[in-house]
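A.B. asks:
4 protein chains.
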Amino acid sequence: HDPLVIAGRAFRSRLFVGTGKYRDTATMVAALERSGTEMVTVAIRAMNLDAPDGGDILAHVDTRRYHLLPNTAGATTADQAVAIAHLAREALGTPWIKLEVIGDPRTLLPDLQATLEATRRLVRDGFVVLPYCTSDLITCLRLEDAGAAAVMPLAAPIGTGQGMLDWAGIRRVIERVSVPVVVDAGLGVPSDAAMAMELGASAVLVNTAIARAQNPPLMAEAFKWGVLAGRQAFLAGRMPPQNEASPSSPTEGVPF
Amino acid sequence: HDPLVIAGRAFRSRLFVGTGKYRDTATMVAALERSGTEMVTVAIRAMNLDAPDGGDILAHVDTRRYHLLPNTAGATTADQAVAIAHLAREALGTPWIKLEVIGDPRTLLPDLQATLEATRRLVRDGFVVLPYCTSDLITCLRLEDAGAAAVMPLAAPIGTGQGMLDWAGIRRVIERVSVPVVVDAGLGVPSDAAMAMELGASAVLVNTAIARAQNPPLMAEAFKWGVLAGRQAFLAGRMPPQNEASPSSPTEGVPF
Amino acid sequence: HDPLVIAGRAFRSRLFVGTGKYRDTATMVAALERSGTEMVTVAIRAMNLDAPDGGDILAHVDTRRYHLLPNTAGATTADQAVAIAHLAREALGTPWIKLEVIGDPRTLLPDLQATLEATRRLVRDGFVVLPYCTSDLITCLRLEDAGAAAVMPLAAPIGTGQGMLDWAGIRRVIERVSVPVVVDAGLGVPSDAAMAMELGASAVLVNTAIARAQNPPLMAEAFKWGVLAGRQAFLAGRMPPQNEASPSSPTEGVPF
Amino acid sequence: HDPLVIAGRAFRSRLFVGTGKYRDTATMVAALERSGTEMVTVAIRAMNLDAPDGGDILAHVDTRRYHLLPNTAGATTADQAVAIAHLAREALGTPWIKLEVIGDPRTLLPDLQATLEATRRLVRDGFVVLPYCTSDLITCLRLEDAGAAAVMPLAAPIGTGQGMLDWAGIRRVIERVSVPVVVDAGLGVPSDAAMAMELGASAVLVNTAIARAQNPPLMAEAFKWGVLAGRQAFLAGRMPPQNEASPSSPTEGVPF
Numbered sequence: 651h652d653p654l655v656i657a658g659r660a661f662r663s664r665l666f667v668g669t670g671k672y673r674d675t676a677t678m679v680a681a682l683e684r685s686g687t688e689m690v691t692v693a694i695r696a697m698n699l700d701a702p703d704g705g706d707i708l709a710h711v712d713t714r715r716y717h718l719l720p721n722t723a724g725a726t727t728a729d730q731a732v733a734i735a736h737l738a739r740e741a742l743g744t745p746w747i748k749l750e751v752i753g754d755p756r757t758l759l760p761d762l763q764a765t766l767e768a769t770r771r772l773v774r775d776g777f778v779v780l781p782y783c784t785s786d787l788i789t790c791l792r793l794e795d796a797g798a799a800a801v802m803p804l805a806a807p808i809g810t811g812q813g814m815l816d817w818a819g820i821r822r823v824i825e826r827v828s829v830p831v832v833v834d835a836g837l838g839v840p841s842d843a844a845m846a847m848e849l850g851a852s853a854v855l856v857n858t859a860i861a862r863a864q865n866p867p868l869m870a871e872a873f874k875w876g877v878l879a880g881r882q883a884f885l886a887g888r889m890p891p892q893n894e895a896s897p898s899s900p901t902e903g904v905p906f
Numbered sequence: 651h652d653p654l655v656i657a658g659r660a661f662r663s664r665l666f667v668g669t670g671k672y673r674d675t676a677t678m679v680a681a682l683e684r685s686g687t688e689m690v691t692v693a694i695r696a697m698n699l700d701a702p703d704g705g706d707i708l709a710h711v712d713t714r715r716y717h718l719l720p721n722t723a724g725a726t727t728a729d730q731a732v733a734i735a736h737l738a739r740e741a742l743g744t745p746w747i748k749l750e751v752i753g754d755p756r757t758l759l760p761d762l763q764a765t766l767e768a769t770r771r772l773v774r775d776g777f778v779v780l781p782y783c784t785s786d787l788i789t790c791l792r793l794e795d796a797g798a799a800a801v802m803p804l805a806a807p808i809g810t811g812q813g814m815l816d817w818a819g820i821r822r823v824i825e826r827v828s829v830p831v832v833v834d835a836g837l838g839v840p841s842d843a844a845m846a847m848e849l850g851a852s853a854v855l856v857n858t859a860i861a862r863a864q865n866p867p868l869m870a871e872a873f874k875w876g877v878l879a880g881r882q883a884f885l886a887g888r889m890p891p892q893n894e895a896s897p898s899s900p901t902e903g904v905p906f
Numbered sequence: 651h652d653p654l655v656i657a658g659r660a661f662r663s664r665l666f667v668g669t670g671k672y673r674d675t676a677t678m679v680a681a682l683e684r685s686g687t688e689m690v691t692v693a694i695r696a697m698n699l700d701a702p703d704g705g706d707i708l709a710h711v712d713t714r715r716y717h718l719l720p721n722t723a724g725a726t727t728a729d730q731a732v733a734i735a736h737l738a739r740e741a742l743g744t745p746w747i748k749l750e751v752i753g754d755p756r757t758l759l760p761d762l763q764a765t766l767e768a769t770r771r772l773v774r775d776g777f778v779v780l781p782y783c784t785s786d787l788i789t790c791l792r793l794e795d796a797g798a799a800a801v802m803p804l805a806a807p808i809g810t811g812q813g814m815l816d817w818a819g820i821r822r823v824i825e826r827v828s829v830p831v832v833v834d835a836g837l838g839v840p841s842d843a844a845m846a847m848e849l850g851a852s853a854v855l856v857n858t859a860i861a862r863a864q865n866p867p868l869m870a871e872a873f874k875w876g877v878l879a880g881r882q883a884f885l886a887g888r889m890p891p892q893n894e895a896s897p898s899s900p901t902e903g904v905p906f
Numbered sequence: 651h652d653p654l655v656i657a658g659r660a661f662r663s664r665l666f667v668g669t670g671k672y673r674d675t676a677t678m679v680a681a682l683e684r685s686g687t688e689m690v691t692v693a694i695r696a697m698n699l700d701a702p703d704g705g706d707i708l709a710h711v712d713t714r715r716y717h718l719l720p721n722t723a724g725a726t727t728a729d730q731a732v733a734i735a736h737l738a739r740e741a742l743g744t745p746w747i748k749l750e751v752i753g754d755p756r757t758l759l760p761d762l763q764a765t766l767e768a769t770r771r772l773v774r775d776g777f778v779v780l781p782y783c784t785s786d787l788i789t790c791l792r793l794e795d796a797g798a799a800a801v802m803p804l805a806a807p808i809g810t811g812q813g814m815l816d817w818a819g820i821r822r823v824i825e826r827v828s829v830p831v832v833v834d835a836g837l838g839v840p841s842d843a844a845m846a847m848e849l850g851a852s853a854v855l856v857n858t859a860i861a862r863a864q865n866p867p868l869m870a871e872a873f874k875w876g877v878l879a880g881r882q883a884f885l886a887g888r889m890p891p892q893n894e895a896s897p898s899s900p901t902e903g904v905p906f
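What follows is the structure in structure tokens.
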């Protein structure tokens, strides 16, 4: 009744899950199942595409159950990203691509210029492009103009689990961009996911916080509920916070 | 499989819900139901105890379904609170009491000294006492020593919806007190509840954030999932947050 | 032109400095000097009161230059604190006392009940009492009622340098208490001190953040400027923060 | 002894001050003086360049005392910004330019792509370019590669006074970029400026927070001390924050 629609396709779950960093495949499979996700990202470069079954991950991810979202992890130029996207489309038969063009090996932060260029080229080539980006508002607006099917600003650097430190920047993007905003990277706990959804995000993507939890399947389910909680709260309309101590003071978003 | 146990009684739900501030009784009843709660607080002074059915609220709260937790809202001295507790026990037949002794009418913040005194007296009188308090650690330890069945530190002043501003103080209480810690007052959205549970709280109490949402029943359900998300995440063991940029820097809980 | 007045005595500096934890006495003396402080706390139990010069610290702190504020560090009961205060008055000839009654050896958090009791007794005995406390509002109001010359809520536990995590609680105390509020303990950097002063604190006390800096005298001067910056900003009247993105949204003190 | 050096020129003050939004010119002049600044930004489009004295602002800013930093406010394309920069150089005789290319009229957030392009062109034309940007790390590194003399990431949108909400992003830029980082826009109070400097920023630019204070000259002085406090604290080396409650827990930059 409240589907997420991206590029005309509807999803009931608003939790995207990644397939990296699990201690073993069985744990990953269990985590995917417990998460309730319908959208699973896979790194093309992590696959053995020449193998009959598409490599380890594909052998274990039930593609009738999950919508595969290949990503271009590892690309550091627009050319590389475009090449990987084409490879993914041929190998997996899907025009969907999570576009990642990394600008710095240490932080894995995106190169916005190259991401924008690759988005334009891939849209022209018929792809459904979901670019990973920062919360830079103008770039997000340009990605939308370029035909991105969604934008995926990071909450914090990949794998850090620092959470919604940049909630103000994420909120700005949500308020101004028309395509779905999927908060990607840096979430550490379900309350982070709930907060993103309460701010109006359309979905979140979680990988490390599940894979590196002590009990990944249980954490996967925890994120499932966190996303649902945040989404329902957004729809239910939160009470306005009150400032008991200075009711008429002009505090907005800052401590005093 | 993961019950909350207070004074020997087990609860599956870790969300306590209040009965004040709803626009009408039907909305309250629907919200209680959607929340999945098993513990409902009622203000004794809001009831018409002389009426055959115990007054408006009791007429509508199914006491076979919900464990009633009467509170002493309105008390400003230990004497008043003790008197209200006895009145509640007679009228409702329960020794459970949420003890509130308010020290200031403007902020409704608790009077810790009077709360401690009333706790001692009520425990002696055979009550199951759940005192509302601040995150002052020593007072929480003293309440435990006095026989409180749980402690209920506030996240933010009653009715403000400001959330877990004092997470550091709440966390200290959780780490040191042995009885269940129920975070009470000030939560605004499910991510607040999830955060409290992720820090290790045993339960949370929510009233205004549900009652004053645009859609209270939906918000009640949102809190249900937020509490479950936070509890499961606590049990699943979160990943340690990483500081990508200065891995060896000594930042703990502060920005730099 | 903007003196801090406590118990009728005026101070130009609003930075109180402690004398513990320095690597050596020369560093401490240099730090005191660079800080511009006029109020220096000393732990009575750290002094050799039988020595002709009052022990190490007093031998090096110029009491013509600095107003000595002995403290009762080490006391865990009201009785002990009262006894130390009397000892301090006899030895140092000052009725001023920073009252500390510790309720827990691990966090050094105050025992509010014992602090309140000791305040009453010491005020009766003619002391100028500055009690160390938490941001619990009702206790701060009671301390004021008991005759405290100031209240000294902690920003964070002693020695942690975590800063103004509890800014909301501190702000509430400032807004309601009439005697000077001196933010004590937990400040880590000058921006913390500036923030406390911007919120309307009358002064701050800093010890560990200076003593354990790599360059304590320079850090002492940094805090001097931080306190002055915050005080002047409070007097100058800050601009109201603006929410560019949702001008009519009800965000007050929370992210959304 | 601790000069800020940009493009070979040394400044003692690390506080840049803007000239917009003051209620009258006398207030602006007084604020500049009290701030101790040596670098004053002026919007070229706000000047009457045809007037003999260069228009209102230039008539009142003593250019022997202050280094003028003209900005390209109002430009929405690289072409416009480049044209304004050339106009500024001719009119004011300075190759220094604060480059602003706005991507959105509502938030005044920068267009990073156009900013990067204009930086490259202006550096080629011999300008000393200080670009206004977001905390997007890769763009800041590219601006440095393009020959920017400094980078000027915003703390929060222009004129909002929301402060260092994005401290994590700003810190990343400081840790990775070699040219001076001047935190620009969004600072509301001196503690914000102190925090930026404690994180290692080389300087800050403040305009609205001074101009719209109730007492702009006093607030200007407050920022002077805040910047000095933060700089000295950075040089003095802060104590590592301690987590009293869970000394061995892996909390870094997040609440738990």
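Protein chains in written order, with our numbering: chain E, 651 to 906; chain D, 651 to 906; chain G, 651 to 906; chain W, 651 to 906. A virtual CB, placed ideally from N, CA and C, is assigned to each residue, including glycine.
Relative to the C-alpha of G:Val762, which candidate in G:Gly880, G:Lys874, G:Leu749, G:Leu772 has its C-alpha closest?
C.D. replies: Sequence check: residue 762 of chain G is Leu here, not Val. Of G:Gly880, G:Lys874, G:Leu749, G:Leu772, the residue nearest in Cα terms is G:Leu749.
A.B. asks: Restricting to Cα atoms, I'd like to know which of G:Pro891, G:Met814, G:Val751 is closest to G:Cys783.
C.D. replies: The residue with the shortest Cα to Cα distance from G:Cys783 is G:Val751.
A.B. asks: Compare the C-beta of D:Thr769 with all C-beta atoms of chain G and state if any pair is closer than 7 Å.
C.D. replies: It does not: the Cβ of D:Thr769 has no partner Cβ on chain G nearer than 7 Å.
A.B. asks: Starting from E:Pro720, trace the beta strand (DSSP E) in both directions and tell me its first and last residue.
C.D. replies: Note, E:Pro720: beta strand (DSSP E), 717-721.
A.B. asks: Taking DSSP as the reference, what is the three-state secondary structure of G:Arg739?
C.D. replies: If DSSP states are grouped into helix, strand and coil, G:Arg739 belongs with the helices.
A.B. asks: With which residues is E:Cys783 paired in a DSSP beta bridge?
C.D. replies: DSSP lists E:Pro803 as partners of E:Cys783.
A.B. asks: Under 8 Å between beta-carbons, which chain D residues line up against E:Thr858? List them in chain order, please.
C.D. replies: Going along chain D in sequence order, the residues near E:Thr858 (Cβ under 8 Å) are Met889.
A.B. asks: Is there contact between the segment 682-691 of chain W and the segment 820-829 of chain W, where contact requires at least three CB pairs shorter than 8 Å?
C.D. replies: No, because fewer than three Cβ pairs between the segment 682-691 of chain W and the segment 820-829 of chain W fall closer than 8 Å, the two stretches do not touch.
A.B. asks: Using 10 angstroms around the beta-carbon of W:Asp652, count the other beta-carbons present and answer buried if the total reaches 16, otherwise exposed.
C.D. replies: It counts as exposed.
A.B. asks: Kindly give me the distance between the Cβ atoms of D:Gln812 and E:Pro891, rounded to whole angstroms, as I take these residues to be in contact under 8 Å.
C.D. replies: Indeed, because the Cβ distance is near 5 Å, the residues count as touching under 8 Å.
A.B. asks: How is G:Lys748 classed by DSSP in three states: helix, strand or coil?
C.D. replies: Looking at G:Lys748 - three-state DSSP - the assignment turns out to be strand.
A.B. asks: Check the Cβ-Cβ distances between D:Ala851 and every residue of chain G, and say whether any is below 7 Å.
C.D. replies: Chain G contact via Cβ: absent.
A.B. asks: Is any beta-carbon of chain E found at less than 7 Å from that of D:Asn721?
C.D. replies: Taking Cβ atoms only, chain E never reaches closer than 7 Å to D:Asn721, which makes this a no.
A.B. asks: What do you get for D:Glu740, buried or exposed, if any count of 16 or more other CB atoms within 10 angstroms of its CB means buried?
C.D. replies: Exposed is the call here.
A.B. asks: Can we say the segment 847-864 of chain G touches the segment 878-892 of chain G, given the rule of at least three CB pairs closer than 8 Å?
C.D. replies: Yes, the segment 847-864 of chain G touches the segment 878-892 of chain G.
A.B. asks: Given a limit of 9 Å on CB to CB distance, which residues of the segment 830-841 of chain E reach chain D?
C.D. replies: Here the close residues are Gly838, Val839, Pro840, Ser841.
A.B. asks: Please check if any C-beta of chain E sits within less than 7 Å of the C-beta of D:Glu848.
C.D. replies: At least one chain E Cβ lies under 7 Å of D:Glu848.
A.B. asks: Could you give the DSSP three-state label for W:Pro897: helix, strand or coil?
C.D. replies: The pLDDT assigned to W:Pro897 is 35, lower than 50, so where the model puts this residue is not dependable; a value taken from the coordinates is nonetheless given after this. If DSSP states are grouped into helix, strand and coil, W:Pro897 belongs with coil.
A.B. asks: Please list, in chain order, the chain A residues whose beta carbon lies closer than 8 Å to that of D:Ala861.
C.D. replies: Structure shown: chain A not included; protein chains present are E, D, G and W.
A.B. asks: Counting only beta-carbon separations shorter than 7 Å, does G:Met678 have a partner in chain W?
C.D. replies: Closer than 7 Å: no.
A.B. asks: Would you kindly check if the distance between the Cβ of E:Ala657 and the Cβ of E:Ala799 is under 7 Å?
C.D. replies: Their beta carbons are under 7 Å apart, which means E:Ala799 touches E:Ala657 by this criterion.
A.B. asks: Return no unless some Cβ of chain D is closer than 7 Å to the Cβ of E:Glu871.
C.D. replies: Closer than 7 Å to some Cβ of chain D, the Cβ of E:Glu871 qualifies, so yes.
A.B. asks: For the segment 767-775 of chain E and the segment 800-809 of chain W, state whether three or more C-beta atom pairs, one from each stretch, are separated by less than 8 Å.
C.D. replies: Verdict: no, contact absent.
A.B. asks: Drop a sphere of 10 angstroms on the beta-carbon of W:Thr769, count the other beta-carbons inside from all chains shown, and report buried for 16 or more, exposed for fewer.
C.D. replies: The residue is buried, with at least 16 neighbouring Cβ atoms inside 10 Å.
A.B. asks: Does DSSP put G:Ile656 in a helix, a strand or coil?
C.D. replies: Here G:Ile656 sits in strand by DSSP.
A.B. asks: Please work out which residues of its chain come closer than 6 Å, Cβ to Cβ, to G:Asp933, disregarding the five sequence neighbours upstream and downstream, and give them in chain order.
C.D. replies: Lying before the first or after the last residue shown, residue 933 of chain G is absent from chain G, which here runs from 651 to 906.
A.B. asks: Measuring only between beta-carbons, confirm whether W:Gly724 sits less than 7 Å from chain E.
C.D. replies: Output row for W:Gly724: interface = no.
A.B. asks: Could you spell out the range, first to last residue, of the alpha helix (DSSP H) harbouring W:Val667?
C.D. replies: Counting along the chain, W:Val667 falls outside any alpha helix (DSSP H), though it belongs to the beta strand (DSSP E) covering 665-668.
A.B. asks: Could you please give the first and the last residue of the uninterrupted alpha helix (DSSP H) stretch that includes D:Asp842?
C.D. replies: Unbroken alpha helix (DSSP H) run through D:Asp842: 840-848.
A.B. asks: Could you compute how far the alpha carbon of D:Gln730 sits from the alpha carbon of G:Arg695?
C.D. replies: Cα-Cα distance, rounded: 43 Å.
A.B. asks: Pull out every residue of the segment 806-830 of chain W whose Cβ sits closer than 7 Å to any Cβ of chain G, in chain order.
C.D. replies: So the close ones are Pro807, Gly809, Thr810, Gly811, Gln812.
A.B. asks: Given a cut-off of 7 Å on the beta-carbon distance, is the pair G:Ala738 and G:Pro720 in contact?
C.D. replies: Yes.
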